[in-house]
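Novice: Following this message is one structure expressed as structure tokens.
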Amino acid sequence: MGPNGFSQIQAAVQAAQDGDTILVRVPPNGGPTYDAVDVAGKALTIAAEPSTRQAKVSSVSVHDLPAGKTVVLSGVNALGGSPAAPSIWLRSNAGSVRLVSCNSRGAPAPFFSVLLATPAMTISSSSGSAAFASCGLVGGLGDRPTTDPRNPGARGLEMQDSIAAAFDSSIMGGQGDSCSFAIGVASLGGDGVFVGHSALPGRLLLSNSSVQGGPGGEAGCFPPLYCVSGNGGTGLRLGSGAAVTLQTTTPVGGPPGPQEAPGCGSTGAVGPAVANQGSLQVRPTPAIALRSPTVAGEGQTIPLTFTGTPGDQVFLLAGAQTMFRELAAGVLLVQPGPTAFPQRGPLGILGTSGTLTLAYPLPRLPAGIGAANLWLQAFATHADGKRTMGSFSVVTMLDSGF
């Protein structure tokens, strides 16, 4: 993507073969906002370069991915361009979808429309797995100036009949619609996270993440008529049969909506932290976070930064493939091997700052390979001898000719 390449990411997706890497070069000014991206049944990596920037897109959909195939979205910022679908939609996938360093904001409710705001990310009807790390999700704004009061903010993350894990991320529901002289009460904020189950399993790990319901809608001021600001959204909502595990993550209800002016109307209530009709487990061991560049040249040395509890012993898994295995210590996302990507550890002890940064040499790519993904995952041994699988990262290694 960029000079002398495709002008749209979707054109590159359509031209790509299974296993290809699409590199989106992002200029200092942030570059354009690309049209919607739709990946159907094809293993691909879409990565923004350099790692410090994000490629802006209207929306992203990954669907009908067969088992054994993987899609990687790295450094993508979905801005919510479609009022009819989630900004990031992962659906009907038997394969694996992984996102790192991504942002997504749901679309606001359209003006004078029956459509509601959309979630930042929806994962639905998938027998495979999804995982994301270092991402920010905010549900769409329920902002539609009509006389219909049922216009809540959208969910930050909506899951139905799917299995996923989230690490080191921020997830928040969207703000509810405001009230007016025609509507006496503003709308609810959206759920931060919803997990539902009807046919396929619905399970989610939330590790070292911020989860919050959306703010309630604003109380408008129309003297002598006043209205009530909306209640905050629910931080985490579990449907019947759904299961969520929390690790170093405490859901928080959304704040009530603000008032347009002091003394203008009354204020709603803070939303509940959790609404649980399923199974909620809190894992007592602390999390361990890993950050790395997401794009780098072969043979380069990159920094790896681990953050956790002082005194923890840090280890690293590295491999050429991803997996999803739920263990007592967490979710294992890296399939170790081959020897070019060895398991490394122990790497060191977290000092009083709780942070450890190390230099990691990348291997050279085999002849004829232009790009390949290196999967990394941290894990830690705590003072009591217990272990925790930490967050993951993926480094897209580029041939020196790029």
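Using the numbering used here, the first residue of the sequence shown is number 194, and each one after it goes up by one.
Glycine included, every Cβ here is placed at the ideal spot set by N, Cα and C.
(1) What does a CB cutoff of less than 6 Å around residue 197 pick up in its chain, not counting 5 residues either side in sequence?
(2) Are residue 346 and residue 367 close, meaning C-beta to C-beta below 8 Å?
(3) Applying the criterion that 16 or more other CB atoms from any shown protein chain within 10 Å of the CB defines a buried residue, is residue 194 buried or exposed?
(4) Here's the rule: buried if 16 or more other CB atoms are within 10 angstroms of the residue's CB, otherwise exposed. What is residue 304?
(5) Is the segment 210 to 221 touching the segment 238 to 250, taking contact as three or more C-beta pairs under 8 Å?
(6) Mind pulling the beta strand (DSSP E) runs of 3 or more residues that sit fully within the segment 325 to 361?
(7) For the alpha helix (DSSP H) containing residue 206, list its first residue and its last residue.
(8) Under DSSP, the beta strand (DSSP E) around residue 567 begins and ends at which residues?
(9) Measuring straight from C-alpha to C-alpha, what distance separates residue 460 and residue 403?
(10) In chain order, what residues of the same chain have a beta carbon less than 6 Å from the beta carbon of residue 440, not counting five sequence neighbours either side?
(11) Might you give, ordered along the chain, the residues of its own chain that have their beta carbon closer than 6 Å to the beta carbon of residue 208, omitting 5 neighbours on each side?
(12) Three or more C-beta pairs under 8 Å: does that hold for the segment 220 to 239 against the segment 251 to 265?
(13) Using C-beta distances below 7 Å, list every residue in its chain close to residue 277, excluding the 5 sequence neighbours before and after it, in chain order.
(14) Alpha carbon to alpha carbon, how far is residue 428 from residue 456? Give it in angstroms, no decimals.
(15) Identify whether residue 270 lies in helix, strand or coil by the three-state DSSP scheme.
(16) Tell me the rounded alpha-carbon separation between residue 484 and residue 413.
(17) Quickly, what does DSSP pair residue 243 with across the bridge? List them, please.
(18) With a 10 Å radius around its C-beta and 16 neighbouring C-beta atoms as the bar for buried, classify residue 557 as buried or exposed.
(19) Can you check which of these residues, 357, 452, 332, 542, is closest to residue 407 by C-alpha distance?
(20) Helix or strand or just coil, what does DSSP make of residue 557?
(21) Is it true that the CB of residue 354 sits closer than 8 Å to the CB of residue 317?
(22) Quick check: the Cα distance between residue 491 and residue 511, rounded to an integer number of angstroms?
(23) Rounding to the nearest angstrom, what Cα-Cα distance links residue 382 and residue 315 in this structure?
(24) Kindly indicate which three-state DSSP category residue 457 falls into: helix, strand or coil?
(25) Suppose contacts are defined by Cβ-Cβ distances below 8 Å. Is residue 362 in contact with residue 325 by that definition?
(26) Do you know offhand how far residue 348's Cα is from residue 560's?
Specialist: With the given structure in hand:
(1) Note on residue 197: pLDDT 49, under 50, position unreliable in the model; no value is reported.
(2) Against a cut-off of 8 Å, the Cβ pair of residue 367 and residue 346 comes out as a contact.
(3) Because the pLDDT at residue 194 is just 49, under 50, the model does not fix this residue reliably, and the point stays unresolved.
(4) exposed
(5) Contact between the segment 210 to 221 and the segment 238 to 250 is present: three or more C-beta pairs spanning the two stretches fall below 8 Å.
(6) 329 to 331, 350 to 353, 356 to 360
(7) 202 to 208
(8) 564 to 574
(9) 25 Å
(10) 400, 476, 480
(11) none
(12) yes
(13) 308
(14) Approximately 28 Å, taken between the alpha carbons.
(15) strand
(16) Taking the straight line from one Cα to the other gives about 43 Å.
(17) According to DSSP, residue 243 bridges with nothing at all.
(18) exposed
(19) Proximity to residue 407 across 357, 452, 332, 542 peaks at 332, based on C-alpha coordinates.
(20) coil
(21) yes
(22) 15 Å
(23) 17 Å
(24) coil
(25) yes
(26) 46 Å
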